[in-house]
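Data block below; observations after.
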Amino acid sequence: MQVLGMEEKPARRRVVLVPFPAQGHISPLMQLAKTLYLKGFSITVVQTKFNYFSPSDKFTHDFQFVTIPESLPESDFKNLGPIQFLFKLNKECKVSFKDCLGQLVLQQSNEISCVIYDEFMYFAEAAAKECKLPNIIFSTTSVTAFACRSVFDKLYANNVQAPLKETKGQQEELVPEFYPLRYKDFPVSRFASLESIMEVYRNTVDKRTASSVIINTASCLESSSLSFLQQQQLQIPVYPIGPLHMVASAPTSLLEENKSCIEWLNKQKVNSVIYISMGSIALMEINEIMEVASGLAASNQHFLWVIRPGSIPGSEWIESMPEEFSKMVLDRGYIVKWAPQKEVLSHPAVGGFWSHCGWNSTLESIGEGVPMICRPFSGDQKVNARYLECVWKIGIQVEGDLDRGVVERAVKRLMVDEEGEEMRKRAFSLKEQLRASVKSGGSSHNSLEEFVHFIRTL
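Encoded structure:
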């Protein structure tokens, strides 16, 4: 067990946090860690070697980072795919985390309050139980996506979910009790079979001995899903304490952020730039990239485009793109490998966000009042995209094959047309609601206070 940063003040009780090793999970967990630190707790973050997050100096000596000695090769994620990798990771870490937690219990002069684990790191529950420590589930997705996962089994058992495997017409049908979600919006994965997804969800929504669930959301966004989850599904306290990036910001990027794009944005007019980023996992084929580039050029809008290294299959970065790619993007575009997203979205020049609709990106965009073009890739992103378009009405979902015309129309609808302006007004209103929710007296602020009181009494 490798340990960094052991100095501690005995007055603080300690919380042990276990993140899932992916960017979209590490960021909110570290924001939660910082939030709890500011509330007077010492923090231990237990990580895997895979996608190890190297803490910066911004994390004080009250943060301790511990590594579980798992032996998964780096290539496993790519070779197995995310779902099979998740199973293997949970199996691999079960025993070593138990040893690790046992050592922490022996070492800590100050009492450990609880273990908070990412719902996808469900191996942590057994170790917490054996060490007689309370455990709490942390969900980094929306409440609605969590609720979908919780009924997956039931729908499948009743064969109601057959449309997920059936014809296109049936996939378009609405899921009873989950309006406005269609069967095709349910959080299945393009990386695995329906049966494998079922097994994952059975594990992630099983509360086992958990004493509560914390979710990175705000009740103003998802009040009906929150009620459904708390009253009908979990029957343990659910604390919506987000958006956590608005409560406590923490430097958490696994990739190096290119800050030069901010200087470029400074030269652009207000609301004139569309920001394009498909997150840390989604892939795009060369022909898709060319259609997007062509559509962007035809839209005559300025754009900041994140193309992540490795996101184009068979290519390191954009070196294998045809020559006309550069001609299409150089005039009005700026391309980076990774961007400081929160800073970009808060920039006055940014008037729209073309996104895969991961939950962090969704919250960050709403938190800055930026409407979206939705191109979900997998999992809960489809739920978020549907809500952005049909519930919050600040998104335009682009479905089916991408071609130049589809891209051009979507960009113009968002950036030029009256429709986009109306979306910006609604997004601004939601931004104000989110800001109010994390301030003193707001719903997320109150929920966080209740949660802190709850873990102090465990």
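Mind the numbering: the sequence shown is residues 0 to 457 in numbering that gives the first Met the number 0, read in order.
Note that CB positions come from ideal geometry on N, CA and C, so glycine has one too.
With fewer than 16 other Cβ atoms inside 10 Å of its own Cβ, residue 269 counts as exposed. The segment 211-218 and the segment 138-154 touch, with no fewer than 3 CB-CB distances between them shorter than 8 Å. For residue 333, the pairing in a beta bridge is given by DSSP as 303.
If you compare the alpha carbons of 67, 85, 110, 111 with that of residue 94, the shortest gap goes to 67.
By the C-beta criterion, the segment 395-410 is judged to be in contact with the segment 291-300, since at least 3 inter-stretch pairs fall below 8 Å.
Non-local C-beta neighbours of residue 71 in its own chain, meaning closer than 7 Å and more than five positions away in sequence, comprise 49, 87, 88, 91, ordered along the chain.
Taking a contact as a CB-CB distance under 8 Å, the pair residue 169 and residue 182 counts as one, their CB atoms being some 7 Å apart.
CA-to-CA, the gap between residue 208 and residue 301 works out to about 51 Å. The continuous beta strand (DSSP E) containing residue 394 extends over residues 394-396. Across the structure, residue 329 and residue 304 are spaced so that their CA atoms are roughly 11 Å apart.
Residue 117 carries a strand assignment under DSSP once its states are collapsed to helix, strand and coil. Annotation for residue 79: 87 place their beta carbon closer than 8 Å to its own, counting only its chain and skipping 5 residues before and after. CA-CA distance, residue 81 to residue 190, rounds to 7 Å.
Counted as a single uninterrupted DSSP element, the alpha helix (DSSP H) harbouring residue 27 occupies residues 22-37. The beta carbon of residue 199 sits closer than 7 Å to those of 82, 85, all from its chain and outside the five residues before and after it, given in chain order. Between residue 152 and residue 120, the gap from beta carbon to beta carbon reaches 8 Å or more. Here the alpha carbon of residue 454 sits roughly 7 Å from the alpha carbon of residue 112. Residue range 81-106 is occupied by the alpha helix (DSSP H) that includes residue 81. Separation of the CB atoms of residue 437 and residue 237 is rounded to 17 Å, and the pair is thereby denied contact status at 8 Å. The beta carbons of residue 433 and residue 366 sit about 5 Å from each other, so the pair counts as a contact at 8 Å.
Residues 240, 243, 246, 247, 447 of the same chain have their beta carbon placed closer than 8 Å to that of residue 34, with the five preceding and five following residues left out of the count. Counting only unbroken stretches of 4 or more residues, the alpha helix (DSSP H) elements lying wholly within the segment 413-454 are 417-437, in sequence order. With contacts defined as CB atoms closer than 8 Å, residue 45 and residue 14 fail to qualify as a contacting pair.
Bridge partners of residue 134 according to DSSP: 114.
Residue 251 counts as buried, since no fewer than 16 other beta carbons sit within 10 angstroms of its beta carbon. In the structure shown, residue 277 adopts coil according to DSSP, grouped into three states. Here DSSP, grouped into helix, strand and coil, assigns residue 373 to strand. Here DSSP, grouped into helix, strand and coil, assigns residue 204 to coil.
Rounded to whole angstroms, the gap between the alpha carbons of residue 409 and residue 206 is 41 Å. Three or more Cβ pairs drawn from the segment 413-430 and the segment 360-379 lie within less than 8 Å of each other, which places the two stretches in contact. The shortest C-alpha to C-alpha distance from residue 253 to any of 20, 16, 11 is the one to 20.
Using a Cβ distance threshold of 8 Å, residue 210 and residue 306 do not count as a contacting pair.
The beta carbon of residue 277 sits closer than 6 Å to the beta carbons of 355 from its chain, once the five residues preceding and following it are set aside; these are given in chain order. By the Cβ neighbour-count rule, residue 173 is exposed, with fewer than 16 other Cβ atoms within 10 Å of its own. Fully contained in the segment 196-259 are the following alpha helix (DSSP H) runs of length 4 or more, in chain order: 218-227, 243-246. If you compare the alpha carbons of 40, 41, 28 with that of residue 52, the shortest gap goes to 28.
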